[in-house]
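Counting from 691, one number per residue, gives the positions in the sequence shown under the numbering used here.
Here's the structure we're looking at; comments come further down.
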Amino acid sequence: MVTEFKVQESLLTDKTTRRPQITTQAFHSISYLFFKGHISMEVPIYFVDAFTNLPFKGNPAAVCLLQHALQDEMYQKIAAEINLSETAFVIPLKSSDFTSEARFALRWFTPTNEVPLCGHATLASAAVLFYLRSKVLPCTKHSFTSNHLLILRIPHCLHVWPYNTTVTENINPAVVFETLSGDLCVRQNGESLVMDFPLNKPIPLDPHEFTNLIQVALGDLVPQDVRYCHATKKLLVRLADTCDRSVLTSLKPDPEKLLRTESRGKITSLIVTMKGAPTCQPGYDFYSRNFAPWNGIPEDPVTGSAHTVLAGYWAEELGKQKMLAYQCSKRGGELELEIKGDRVDISGRAVVVLQGTLTP
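Below you can see the structure in the form of structure tokens.
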């Protein structure tokens, strides 16, 4: 059973931050719609649009909150079923309380494989913890499936809520995720979330090593520079400064041709970038797109891990430690970058657009 109900905006939205809020008043006003009893929730799941303050922009990620680790096969099956560029799995390390815990295990899976670093799904995970987290009472009387949901049509986004849900936020100013790339700290800074990531500087590369791959991506365009990052296996290709931004946005490389051209396992994604227009508002220092069919992602809309490479490259090229970047995918997304030694702060915003229950 799926019930649809419109709720007054003033009950749901903090007028100052425009962040979705579900108040006690709102839940009391719709409680008559629910059955008596409690539901059992297996895996709370959230869809979050990262690196944007608007729903249906930026990069969507799924975030699953777990009390205990799953078998690797199950992680991969869930990620393949969801079929977003990344699905994140978050587990509290010292307690079962997502509200007070400050340290979590975090893993990221694409539809085809696990990845060692993912920026937008990390941002999405932190957004779920800081902005919106549901806590469901244990099953005591009745058990309902995920079909028994209430759809709240909230202004600016869509939330799917299990009934008998309360909302809390993580009380810590920062949380730490233990990952395959080490500890990653995410802290709140006004309306943005700031991720402390490793800086992955690319090195110069003989463009002839990947001539065929570059030709598939760029066609007849001649790159101005080619770099490679061994740590991430990302190939960075820079367009000539004479190119207009429309040249970058019009690229349509064939994912299957990219895979056939480079099948040696040396590449996980192809980053195409160009110099921005810092004198024009909002003043982007550089633009980029990221193609990752080797991870089952034809094009990743907004990629935090790619910007650990891009930040290292453009900081040297532009002589800047603070930069504003824009990834020119169809959805598009904005990232603020600040170099701090061998680390880079990547800042962005996120919007929780959907919440529900996964019952595998």
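For each residue, glycine too, the CB sits at the ideal point set by N, CA and C.
{"Query": "For Ser719, which residues in the same chain have their Cβ closer than 6 Å to its Cβ, ignoring the five residues on either side in sequence?", "Result": "Unreliable placement is indicated for Ser719, whose pLDDT of 37 sits below 50; no coordinate value is reported for it."}
{"Query": "For Pro782, which residues in the same chain have their Cβ closer than 7 Å to its Cβ, ignoring the five residues on either side in sequence?", "Result": "Phe788, Glu791, Phe794"}
{"Query": "Between Asn890 and the rest of its own chain, which residues show a CB-CB distance below 7 Å, the 5 nearest in sequence each way excluded?", "Result": "Cys919, Ala921, Thr922, Thr998, Val999, Gly1002"}
{"Query": "With H, G and I counted as helix, E and B as strand and the rest as coil, what does DSSP make of Gln905?", "Result": "helix"}
{"Query": "From Arg1039 to Asn743, what does the alpha carbon distance come to, in whole angstroms?", "Result": "6 Å"}
{"Query": "Evaluate Cys1018 with the Cβ neighbour count: other Cβ atoms within 10 Å of its Cβ, from every protein chain shown; 16 or more gives buried, anything less gives exposed.", "Result": "buried"}
{"Query": "Mark Leu774 as exposed unless 16 or more other C-beta atoms lie within 10 angstroms of its C-beta, in which case mark it buried.", "Result": "buried"}
{"Query": "What runs of the alpha helix (DSSP H), each 4 residues or longer, lie entirely inside the segment 894-970?", "Result": "901-908, 935-939, 945-951"}
{"Query": "Taking DSSP's pairing of strands, which residues face Asp886 in a bridge?", "Result": "Cys875, Asp1035"}
{"Query": "Check whether the Cβ atoms of Asp886 and Asp1032 sit closer than 9 Å, and answer yes or no.", "Result": "no"}
{"Query": "Can you give me the Cβ contacts of Ile1029 inside the same chain, cut-off strictly under 7 Å, excluding the 5 residues immediately before and after it?", "Result": "Leu889, Ala1001, Ala1005, Gln1011"}
{"Query": "Arg797: which of Ser785, Tyr821, Tyr765 sits nearest, CA to CA?", "Result": "Tyr765"}
{"Query": "Could you spell out where the beta strand (DSSP E) holding Asp990 opens and where it closes?", "Result": "987-990"}
{"Query": "Return the CA-CA distance between Ser882 and Ala814, expressed in angstroms with no decimal places.", "Result": "12 Å"}
{"Query": "By Cβ distance, which residues of its chain are closer than 7 Å to Pro897, with the 5 residues on each side in sequence left out?", "Result": "Ile904, Pro913, Val916"}
{"Query": "Please report how far the alpha carbon of Pro943 lies from the alpha carbon of Thr1049, in whole angstroms.", "Result": "37 Å"}
{"Query": "Can you give me the Cβ contacts of Asp975 inside the same chain, cut-off strictly under 7 Å, excluding the 5 residues immediately before and after it?", "Result": "Gly966, Pro968, Trp1004, Leu1008, Lys1010, Met1013, Leu1014, Ala1015"}
{"Query": "For the segment 721-791, which segments carrying the alpha helix (DSSP H) assignment without a break, of at least 4 residues, lie completely within its bounds, in sequence order?", "Result": "762-772"}
{"Query": "Any idea if Lys747 is buried or exposed, counting beta-carbon neighbours within 10 angstroms, 16 or more meaning buried?", "Result": "buried"}
{"Query": "Taking 9 Å as the threshold (beta carbon to beta carbon), is Glu771 in contact with chain B?", "Result": "Note that chain B does not occur in the displayed structure, where there is just one protein chain."}
{"Query": "For the putative contact between Gln757 and Ser786, defined by C-beta atoms under 8 Å, what is the C-beta separation to the nearest angstrom?", "Result": "6 Å"}
{"Query": "Please list the terminal residues of the continuous alpha helix (DSSP H) segment that includes Leu870.", "Result": "Element bounds for Leu870: n/a, residue is neither H nor E."}
{"Query": "Measuring CB to CB, does Leu1025 end up less than 9 Å from Gly986?", "Result": "no"}
{"Query": "Given a threshold of 16 other Cβ atoms within 10 Å of its Cβ, counted over all protein chains shown, does Pro863 qualify as buried or as exposed?", "Result": "exposed"}
{"Query": "My output table needs one value for Glu1007: the three-state DSSP class, helix, strand or coil.", "Result": "helix"}
{"Query": "Of the choices Ala769, Arg877, Val733, Pro801, whose alpha-carbon is the least far from that of Phe820?", "Result": "Arg877"}
{"Query": "Mind checking whether Val818 and Leu911 have CB atoms under 9 Å apart?", "Result": "no"}
{"Query": "Going by DSSP, which residues form a beta bridge with Thr1047?", "Result": "Pro734"}
{"Query": "Please check the pair Met964 and Arg1021, which I expect to be a contact at CB under 8 Å, by giving their CB distance rounded to whole angstroms.", "Result": "So it is not a contact: roughly 19 Å between Cβ atoms."}
{"Query": "Leaving out the 5 sequence neighbours to the left and right, which residues in its chain are closer than 6 Å to Leu807 when beta-carbon positions are compared?", "Result": "Ser871, Ser995"}
{"Query": "Looking at the strands, I want to know which residues DSSP matches up with Arg797.", "Result": "Phe779"}
{"Query": "Figure out for me which residue from Arg979, Ser936, Ala769 has the closest Cα to the Cα of Ile735.", "Result": "Ala769"}
{"Query": "For Cys970, which residues in the same chain have their Cβ closer than 8 Å to its Cβ, ignoring the five residues on either side in sequence?", "Result": "none"}
{"Query": "List the endpoints of the continuous beta strand (DSSP E) containing Leu1027.", "Result": "1023-1030"}
{"Query": "Between the C-alpha atoms of Glu771 and Thr777, what's the straight-line distance to the nearest angstrom?", "Result": "10 Å"}
{"Query": "Report yes if the C-beta distance between Ala759 and Phe737 is below 9 Å; otherwise report no.", "Result": "no"}
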